[in-house]
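Engineer: In UniProt numbering, the protein residues as written are 1 to 394. Glycine included, every Cβ here is placed at the ideal spot set by N, Cα and C. Being a predicted model, the structure only gives us computed values, none of them experimental.
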């Protein structure tokens, strides 16, 4: 009888430690399966057709019309495809991104915005809808667990924007900052986030909690596109260097310098400024500038971006001060090249949530199971110790 009692309390104590170990081991194993960026996947991001101001030299304007006549009201939408593939290292993943900002027709009020965007993009023979405003081909390699780019020189990016005169094709470079994914268990802090047009990373700041999501905002002040293109030719190969800190045209080849200089626009001031007492006179030389405000909603447990709104403004200015003043004003009828606000459509948001919710549920049940397992382990341990004490006294 005594040996049976000894066996019971020993079994209870051993079971307590086994359950306690499993309560830590099993969640860790499950997390190793759901935390890394998955391999061999494809995902599409689309935006609602957005009201857009665009400089269109082919606009139907009477001869002698001011430049403001050629800054037309139209619509645009963006489509981005992200594809992951296996890399040489198991803990890394290759990411290929194709992105197109396309001019579209006005959305039909009788149909959903997503349906109208699809219809306009596929309408045969519609030249306006087929016009590509910005095209991006981006290739990078990410660390699967952290979602950050690897420190090797394996990133490569091409960007063309015919209406803006921009043609960027980088060599292989080491990229810093997040971009298309957020880390598992996202924190309430600022992250560096890479902007493909500015060709550099800038802070993406946590600004608050909205429902189940963390909200982050990035403000890109007026950036000279001549400097951005220069950076694209002079990206560092070592992330210990300040990205673009020493970039200058003196580092460029003659062919690269010519491509940068082509971005400048020269003409009579009356073409780019309405008549006023403060308007410049004579001949002016202007550079294209880019500014943006990017807001992301992130489900923090899974690190899934579930919504995004991006305000983009490309315009001409004589210098940095004028560029800053133009951004502060919010618009310009004469010198605007492209201005729009792109918001993810319903289908994209729903798809993102469909990816995030299973991870959130799994984490919830893991935490609940771990808690119940620890409670059970505590009960078994107390029971075993009580039985041991009784056996010892008897």
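(1) So which of 94, 301, 223 has the shortest CA-CA distance to residue 188?
(2) What do you reckon, are the CB atoms on residue 219 and residue 281 nearer than 8 angstroms?
(3) Got a sec? Which residues, its chain only, sit under 7 angstroms from residue 323 by beta carbon, not counting five neighbours each side?
(4) Please list, in chain order, all residues of the same chain as residue 152 whose beta carbon is under 8 angstroms from its beta carbon, the five residues on each side excluded.
(5) With a threshold of 8 angstroms on Cβ separation, who are the neighbours of residue 205 within its own chain once the five nearest residues in sequence on each side are excluded?
(6) How do the stretch 327-341 and the stretch 34-44 stand: do at least 3 beta-carbon pairs fall below 8 angstroms, yes or no?
(7) Could you check the C-alpha separation between residue 57 and residue 70 for me, to the nearest Å?
(8) Tell me which residues share the same chain as residue 183 and place their Cβ nearer than 7 angstroms to its Cβ, disregarding the 5 neighbours each side in the sequence.
(9) When you compare only the Cα positions, how much space is there between residue 62 and residue 72?
(10) Applying the 10 Å Cβ sphere with the 16-neighbour rule, what's the burial state of residue 412?
(11) Please name the residue in 269, 299, 74, 176 whose C-alpha comes closest to that of residue 350.
(12) Do residue 260 and residue 166 have their C-beta atoms closer together than 8 angstroms?
(13) Please classify residue 90: is it buried, with 16 or more other beta-carbons within 10 angstroms of its beta-carbon, or exposed?
(14) For a test of the three-state rule: what should DSSP assign to residue 230, helix, strand or coil?
(15) By how many angstroms is the C-alpha of residue 285 removed from the C-alpha of residue 241?
(16) Have a look at residue 122 and residue 154 and give me their C-alpha separation to the nearest angstrom.
(17) Less than 8 angstroms between the beta carbons of residue 164 and residue 136, yes or no?
(18) Apart from the five residues just before and just after residue 308, which ones in its own chain have a Cβ nearer than 6 angstroms to its Cβ?
(19) Could you tell me whether the Cβ atoms of residue 196 and residue 157 are closer together than 8 angstroms?
(20) With a threshold of 8 angstroms on Cβ separation, who are the neighbours of residue 389 within its own chain once the five nearest residues in sequence on each side are excluded?
(21) Throw me the rounded Cβ distance for the residue 306 and residue 353 pair, which I believe falls under 8 angstroms.
(22) Sort out for me which residues DSSP pairs residue 149 with in a bridge.
(23) Enumerate in chain order the residues of its own chain whose CB-to-CB distance from residue 81 is below 6 angstroms, with the five nearest sequence positions on each side excluded.
(24) Straight-line CA distance for residue 25 to residue 359?
(25) Just the Cα atoms here: how many angstroms apart are residue 176 and residue 227?
Structural biologist: By the coordinates alone:
(1) Closest by alpha carbon: 301.
(2) For residue 219 and residue 281, no; Cβs fall outside 8 angstroms.
(3) Correct list, in chain order: 222, 289, 317.
(4) Correct list, in chain order: 141, 174.
(5) 190, 216, 217, 218, listed in sequence order.
(6) As far as the Cβ criterion goes, the stretch 327-341 does not touch the stretch 34-44, which means the pair count is below three.
(7) Approximately 6 angstroms between the Cα atoms of the pair.
(8) Contacts found: 146, 147, 303.
(9) Residue 62 and residue 72: Cα-Cα distance of roughly 14 angstroms.
(10) In the structure as shown, the chain begins at 1 and stops at 394. Residue 412 is therefore absent and cannot be evaluated.
(11) That would be 299, whose Cα lies nearest to the Cα of residue 350.
(12) Contact: no.
(13) Around the beta carbon of residue 90, fewer than 16 other beta carbons sit within 10 angstroms, so the residue counts as exposed.
(14) Helix, per DSSP.
(15) Model confidence at residue 241 stands at a pLDDT of 48, short of 50, so the residue's coordinates are unreliable; what they give is reported in the following sentence. Between the alpha carbons of residue 241 and residue 285 lies a gap of roughly 32 angstroms.
(16) Residue placement at residue 122 is poorly supported in this model, since its pLDDT is 41, which falls under 50; the coordinates are not used for a value here.
(17) Cβ distance not < 8 angstroms, so residue 164 and residue 136 don't count as in contact.
(18) The residues are 296, 344.
(19) Cβ atoms of residue 196 and residue 157: closer than 8 angstroms.
(20) For residue 389, where only same-chain residues beyond five positions count, there are no Cβ hits under 8 angstroms.
(21) About 5 angstroms separates the two Cβ atoms, so the contact holds.
(22) Residue 149 pairs with 142.
(23) Cβ within range, chain order: 44, 98.
(24) Just so you know, the alpha carbons of residue 25 and residue 359 end up roughly 18 angstroms apart.
(25) Looking at the two C-alpha atoms, the distance is approximately 18 angstroms.
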